[in-house]
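Below is one structure, written out as structure tokens, with a few remarks after it.
What follows is the structure, encoded as structure tokens:
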């Protein structure tokens, strides 16, 4: 069957375009133009070549071994130097250059960034209320940042257990001291994780005030038969002793 | 023109045509990659990088965010983050309040009064999860973002066309369009540091070891232990992205 | 090193940040796909919809719509030629856009769509219009002189056959191309819907219904646009509207709107249903 003239012309145009595209793609132009892989390899190499801004603790130690040794067994032993002193790779590369010296932060804000009280911080992390704890005094006057042992052993539990203390302050148990229910060894104040305080193991601790027959006027509305109340659980497994009235 | 002239011109055409492809090849040759890696002896196939985050240890100091911005030249404005910290507050009535502490300027002046309705509150560090099945790599139209053999997802800023499809495709909000280069940008696990045996900047400065960096292929590695002893969660596991940032103590309310 | 970003962008983002209720990831304050990416699917929708309208005449023999057959084809072509503009303009690097065709990633819906678009433009629409207009172009080539003669000659690909058999063939070829064109039009705009529907990161988009909804919306907007242009053109030319045609087209539009609305409603209802106690669909906490 003879194809109509317009179809042969259209077909010719299409054939020329297709041929040109195929020719360019597979014959004339190099394959690297049509593949992402060689470019990705080059990009990886460029990424590896980017400049370092932080040097890392081993590099700082090479010149500042004294500070490293001071920090090594202190409470800040796991904090990298550049956490406080800022990126130091440029300084490590040209130690004599005055423009590249790392910062020596002594202002309160630097320490308060970690140690100011924030309710979302984990329980047991040492925190202070910036407005109550030596306001306007620089932290470094009493605490050496490389070995930040407090000048006095804390007597207060609220320094590390701030959220608990502040929660308890709102509750009916506000005036009950922590030691009333928790047995705290002295070592806990200096090496907290090596000597953990106890939680009451039986109901008798709470029963001192809350058992039937107790004379405590503040507990008179919440007396229970300690032996039968609450199934098999110890009191604090249901009642939150730091805020027994509940959170709603 | 007559037939003779036409034939002569046709004959000249073929050698002339041969010059063109070689010229083009010359021009394109500058794109050829460097033959050996920048770090001699580094074999990407023997590593598979991941990160561990212990939510119970994060104190929300934001040092990691500052260090990352300093190390990688991330724009300082609070709209571009390679890593950031979220604060969660879960209230007794089930209400969950989330805010990003990395976008605010400095510490608040006064500590907020204690809110007794808050049952749980914590900080969650977030960053690119360097997924093993990355949705961002899948959707890039030109292959400008890709996964390396050691498990890091990188962006080739010289080829990215800035279409933002990868930014839309990332379920974790880890990507942004760099306003200066106008290309997609994201956390690279500080690739330039880890290939030299250093730690990423965020891990380097974290004061409480809330961030752990490691090599899941290694025999002895902090991350390998983290992976073994903790109850591990990942973000959005139902999306089949296979994230490589492993969270310990991750609350169920975290999105 | 870290430098300043454009002032206008900073102001815009600060303003957007102030409008946020609840929480979103800090990188997502900037709206990534904005008005340009809204305009683009609308335009391709008109392309697909106008072509579907034209196909009603050619394939389904709805003779009442014949008066606007050519207008529908030209509408499709006109919008198809400019549909790429908003895409090009929104890119961070428009000068690198050709890379989508040179190094496409097969797993990327956007990359593959480039080829679907090319196929539709070159393999369907242009060929359809050429067969439809060939007779007229050859006649105009014969009647004109000078540069316009050359232009019309080139457009007709220098074919000169105007015999009844050739014209008959043109009509048949047009019908065949339209038959191929209908699934191609479905593929064209369904694919745009798939570009959005496959984004599992965004619960407002990621849905199986998205390509279908896009397609039905395309039919609605395509038919509506052709109707609108027809009315405006008739006003300009001072011609009487063919009400029989418009009534028929309006009827198709009504059916399309009802189906489209039903699908959109389904799409929206299933989201709050799923998000009840689901962590995925409720991931935006605003």
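Chains as they are written, first to last, in our numbering: chain Z, 25 to 272; chain B, 8 to 262; chain F, 4 to 289.
Backbone N, C-alpha and C fix where the C-beta goes; we use that ideal spot for every residue, glycine too.
Assumed close pair residue i, residue j - CB separation to whole angstroms, cut-off 8 Å
{"i": "residue 106 (chain F)", "j": "residue 149 (chain B)", "result": "5 Å"}
{"i": "residue 143 (chain Z)", "j": "residue 125 (chain B)", "result": "7 Å"}
{"i": "residue 229 (chain F)", "j": "residue 75 (chain F)", "result": "5 Å"}
{"i": "residue 31 (chain F)", "j": "residue 180 (chain B)", "result": "5 Å"}
{"i": "residue 128 (chain B)", "j": "residue 164 (chain B)", "result": "The Cβ separation is near 39 Å, so there is no contact."}
{"i": "residue 2 (chain F)", "j": "residue 207 (chain F)", "result": "Because chain F here runs from 4 to 289, residue 2 (chain F) falls outside it and cannot be looked at."}
Through-space distance from residue j to residue i, alpha-carbon basis
{"i": "residue 191 (chain Z)", "j": "residue 185 (chain Z)", "result": "10 Å"}
{"i": "residue 169 (chain Z)", "j": "residue 121 (chain B)", "result": "29 Å"}
{"i": "residue 97 (chain Z)", "j": "residue 210 (chain Z)", "result": "20 Å"}
{"i": "residue 92 (chain Z)", "j": "residue 85 (chain Z)", "result": "6 Å"}
{"i": "residue 39 (chain B)", "j": "residue 60 (chain Z)", "result": "Because the pLDDT of residue 39 (chain B) is 47, which lies under 50, any placement of that residue in the model is unreliable, and the number read from its coordinates should be weighed accordingly. In a straight line, the C-alpha of residue 39 (chain B) is about 11 Å away from that of residue 60 (chain Z)."}
{"i": "residue 113 (chain F)", "j": "residue 179 (chain F)", "result": "28 Å"}
{"i": "residue 243 (chain Z)", "j": "residue 180 (chain Z)", "result": "25 Å"}
{"i": "residue 136 (chain Z)", "j": "residue 164 (chain Z)", "result": "12 Å"}
{"i": "residue 253 (chain B)", "j": "residue 95 (chain B)", "result": "18 Å"}
{"i": "residue 53 (chain B)", "j": "residue 224 (chain B)", "result": "7 Å"}
{"i": "residue 137 (chain F)", "j": "residue 176 (chain F)", "result": "12 Å"}
{"i": "residue 209 (chain B)", "j": "residue 224 (chain F)", "result": "51 Å"}
{"i": "residue 75 (chain B)", "j": "residue 68 (chain B)", "result": "13 Å"}
{"i": "residue 47 (chain B)", "j": "residue 154 (chain B)", "result": "21 Å"}
{"i": "residue 234 (chain F)", "j": "residue 244 (chain F)", "result": "7 Å"}
{"i": "residue 272 (chain Z)", "j": "residue 29 (chain F)", "result": "31 Å"}
{"i": "residue 238 (chain B)", "j": "residue 256 (chain B)", "result": "7 Å"}
{"i": "residue 202 (chain F)", "j": "residue 151 (chain B)", "result": "18 Å"}
{"i": "residue 225 (chain Z)", "j": "residue 258 (chain Z)", "result": "7 Å"}
{"i": "residue 222 (chain F)", "j": "residue 278 (chain F)", "result": "30 Å"}
{"i": "residue 93 (chain B)", "j": "residue 62 (chain B)", "result": "11 Å"}
{"i": "residue 98 (chain F)", "j": "residue 91 (chain F)", "result": "9 Å"}
{"i": "residue 145 (chain F)", "j": "residue 151 (chain F)", "result": "10 Å"}
{"i": "residue 121 (chain Z)", "j": "residue 49 (chain B)", "result": "32 Å"}
{"i": "residue 324 (chain F)", "j": "residue 260 (chain B)", "result": "In the structure as shown, chain F begins at 4 and stops at 289. Residue 324 (chain F) is therefore absent and cannot be evaluated."}
Close-in-space but distant-in-sequence residues of the same chain around residue i (CB under 7 Å, 5 per side omitted)
{"i": "residue 190 (chain F)", "result": "119"}
{"i": "residue 175 (chain Z)", "result": "166"}
{"i": "residue 207 (chain B)", "result": "196, 197, 200, 201 and 220"}
{"i": "residue 141 (chain Z)", "result": "151, 152, 153 and 186"}
{"i": "residue 141 (chain F)", "result": "159, 162, 163 and 165"}
Contacts around residue i, its chain only, beta-carbon distance under 6 Å, and the 5 residues preceding and following it disregarded
{"i": "residue 178 (chain B)", "result": "243 and 246"}
{"i": "residue 21 (chain F)", "result": "none"}
{"i": "residue 236 (chain B)", "result": "none"}
{"i": "residue 185 (chain F)", "result": "58"}
{"i": "residue 235 (chain Z)", "result": "250"}
Test: residue i CB closer than 9 Å to a CB of chain Z
{"i": "residue 259 (chain F)", "result": "no"}
{"i": "residue 284 (chain F)", "result": "In this prediction, residue 284 (chain F) scores a pLDDT of 38, lower than 50, which makes its location untrustworthy; the coordinate-derived value is nonetheless stated afterwards. Residue 284 (chain F) does not count as touching chain Z."}
{"i": "residue 171 (chain B)", "result": "no"}
{"i": "residue 206 (chain F)", "result": "no"}
{"i": "residue 38 (chain B)", "result": "Any reading at residue 38 (chain B) needs caution, since the residue's pLDDT is 49, under 50, leaving its predicted position unreliable; the model's value is listed next. At least one chain Z Cβ lies under 9 Å of residue 38 (chain B)."}
{"i": "residue 164 (chain F)", "result": "yes"}
{"i": "residue 133 (chain F)", "result": "yes"}
{"i": "residue 245 (chain F)", "result": "no"}
{"i": "residue 122 (chain B)", "result": "yes"}
{"i": "residue 274 (chain F)", "result": "no"}
{"i": "residue 300 (chain F)", "result": "Only positions 4 to 289 of chain F appear in this structure, which leaves residue 300 (chain F) out of reach."}
{"i": "residue 40 (chain F)", "result": "no"}
{"i": "residue 51 (chain B)", "result": "yes"}
Cβ of residue i within 9 Å of any chain B Cβ
{"i": "residue 103 (chain F)", "result": "yes"}
{"i": "residue 93 (chain F)", "result": "yes"}
{"i": "residue 35 (chain F)", "result": "yes"}
Min CB distance residue i to chain F below 9 Å
{"i": "residue 59 (chain Z)", "result": "yes"}
{"i": "residue 250 (chain B)", "result": "no"}
Contacts around residue i, its chain only, beta-carbon distance under 8 Å, and the 5 residues preceding and following it disregarded
{"i": "residue 85 (chain F)", "result": "46"}
{"i": "residue 83 (chain Z)", "result": "112, 113 and 116"}
{"i": "residue 100 (chain Z)", "result": "169, 170, 171 and 172"}
Beta carbons nearer than 8 Å to chain B: which residues of the segment 133-153 of chain Z have them?
133, 136, 137, 138, 140, 141, 142, 143, 144, 145, 146, 149 and 153
Check each residue of the segment 139-158 of chain F: if its Cβ is closer than 8 Å to any Cβ of chain Z, include it; give the result in chain order.
none
Listed from N- to C-terminal order along the chain, which residues in the segment 59-74 of chain B have their beta-carbon within a distance smaller than 8 Å of any beta-carbon of chain Z?
63, 64, 65, 66, 67, 68, 69, 70 and 74
Looking at chain F, which residues of the segment 127-154 of chain B have a Cβ within less than 7 Å of any of its Cβ atoms?
142, 145, 146, 147, 148, 149 and 150
Name, going along the chain, the residues of the segment 105-125 of chain F whose beta-carbon falls closer than 9 Å to a beta-carbon of chain B.
105, 106, 107, 108, 110, 111, 112, 113, 114, 115, 116 and 117
Give, in chain order, every residue of the segment 50-65 of chain F whose Cβ lies closer than 9 Å to some Cβ of chain B.
none
So if I threshold CB-CB distances at 9 Å, which residues from the segment 68-79 of chain Z count as touching chain B?
68, 69, 70, 71, 72, 73, 74, 75, 76, 77, 78 and 79
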